[in-house]
Ligand SMILES: [Zn+2]
Ligand SMILES: [Zn+2]
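Numbering (our numbering), first residue to last: 6 to 366.
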């Protein structure tokens, strides 16, 4: 099934022609749980990885054994998915209680090579905003699922570009680390439904004059709201099992009135996993992401998001998901939470082989 972002509630460039130069396309990936073939674009593998090529490993010294078994993380997610809308059975509760964060693999030394986790595989033919080195049509993304690397103590991401036609026999089975430092570093396998959308730059990075015009316009929209009826909050449903379900329900019920349109939420940057587009800096001031090798400003290549949609970004919920907007498999299909919800991999447009950088929000 394809996924279709509803048209933006306002043609913002018609209102602000000055936004034209601050437009960029992004490809929303719309991951949904499922297992793709090794030749397809996907989240969490399997990868089109040559049988005769060594799998990438983490060799940075850090504790390796302590954490969550990947098998436990997956089983826990299966149990929780299966128990949606009902109480856990005693047996399910017993299994979940048995899973703990502890030293599961004591024989792993702090510098033993640890297979990296396959995070995403993207083909340029599926993802039009995927720009890599000349002639390469496939990006493979890995990370070590421990957040202890480098001076900033973050997750360590590795990118591999390749020509898919060069891959002969595919490696099977494919290695993975037995443990993850934190459960939310483990992506659940997903198929993807790439869709190209238009974005406009983060508000705080637009020319000041344009920022002021947008702020005035938003105020005028809000002033117009005084003439309309107040909404009746007493009709709201009584309770939700989790905060995520509440958020999803809010997202679904949010029919956008003209006076509710907001540049940041609806007209600027798409939520969820995506390739290309702009980076949002809503939690920190914008930070320059210049290439360490050549100084070129680096746009985000891949954005990894904790949620595909939330209350504020409800207008981006795909048309096809309207009836399932309270389903965690629509709102958080991948199960990854990095930073406070967003992790971006920035790459150099001058030479995609230059070292990437990460930013978090
Ligand atoms: Zn590591
Ligand atoms: Zn560069």
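The beta-carbon is built from N, C-alpha and C at its ideal position, and this holds for glycine as well.
Residue i, enclosing alpha helix (DSSP H) - first and last residue
i, result
"residue 333", "333–336"
"residue 222", "213–229"
"residue 96", "95–102"
"residue 18", "17–20"
Check: residue i C-beta below 6 Å from any heavy atom of ligand 2
i, result
"residue 73", "no"
"residue 356", "yes"
"residue 195", "no"
"residue 10", "no"
"residue 301", "yes"
"residue 351", "no"
"residue 314", "no"
"residue 361", "no"
"residue 298", "yes"
Check: residue i C-beta below 6 Å from any heavy atom of ligand 1
i, result
"residue 190", "no"
Start and end residues, beta strand (DSSP E) containing residue i
i, result
"residue 72", "71–74"
"residue 126", "122–128"
"residue 310", "305–310"
"residue 161", "159–167"
"residue 56", "Run containing residue 56: none; DSSP gives neither H nor E here."
"residue 188", "Residue 188 -> no beta strand (DSSP E), and no H or E assigned at all."
"residue 36", "Run containing residue 36: none; DSSP gives neither H nor E here."
"residue 144", "143–154"
"residue 283", "No beta strand (DSSP E) holds residue 283; DSSP gives it neither H nor E."
"residue 202", "200–205"
"residue 351", "347–351"
"residue 208", "Run containing residue 208: none; DSSP gives neither H nor E here."
"residue 363", "362–365"
Beta-carbon separation (whole angstroms), residue i vs residue j, contact threshold 8 Å
i, j, result
"residue 312", "residue 337", "5 Å"
"residue 36", "residue 20", "So it is not a contact: roughly 32 Å between Cβ atoms."
"residue 269", "residue 208", "6 Å"
"residue 359", "residue 299", "6 Å"
"residue 127", "residue 121", "Incorrect: roughly 16 Å between the Cβ atoms, too far for contact."
"residue 62", "residue 101", "Residue 62 to residue 101, Cβ: 31 Å. No contact."
"residue 133", "residue 32", "6 Å"
"residue 78", "residue 188", "5 Å"
"residue 184", "residue 67", "Contact flag wrong, Cβ pair sits at about 12 Å."
"residue 202", "residue 275", "5 Å"
"residue 357", "residue 166", "7 Å"
"residue 190", "residue 150", "4 Å"
"residue 71", "residue 323", "Wrong, their Cβ atoms sit about 39 Å apart, outside the cutoff."
"residue 159", "residue 363", "6 Å"
"residue 314", "residue 303", "About 26 Å; that fails the 8 Å criterion."
"residue 179", "residue 54", "6 Å"
Cβ-heavy atom distance, residue i to ligand 3, below 6 Å
i, result
"residue 287", "Absent from the structure shown: ligand 3. Ligands present: ligand 1 and ligand 2."
Cβ of residue i within 7 Å of any chain B Cβ
i, result
"residue 125", "Among the protein chains of the structure shown there is no chain B, as only one such chain exists."
Original post:
Relative to ligand 1, what is the chain-ordered list of residues with a Cβ closer than 7 Å to any of its non-hydrogen atoms?
Top reply: 63, 65, 67, 119, 149, 151, 153, 154, 161
**OP:** Say whether the stretch 199–217 touches the stretch 22–41, bearing in mind that this needs 3 or more beta-carbon pairs closer than 8 Å, one atom from each stretch.
**Re:** yes
Original post:
Do the stretch 171–179 and the stretch 212–224 make contact, defined as three or more Cβ pairs closer than 8 Å?
Top reply: no
Original post:
Counting pairs of Cβ atoms below 8 Å between the stretch 48–57 and the stretch 192–203, do you hit three or more?
Top reply: yes
Original post:
Pairing CB atoms from the stretch 143–158 with CB atoms from the stretch 321–328, are three or more of them under 8 Å?
Top reply: no
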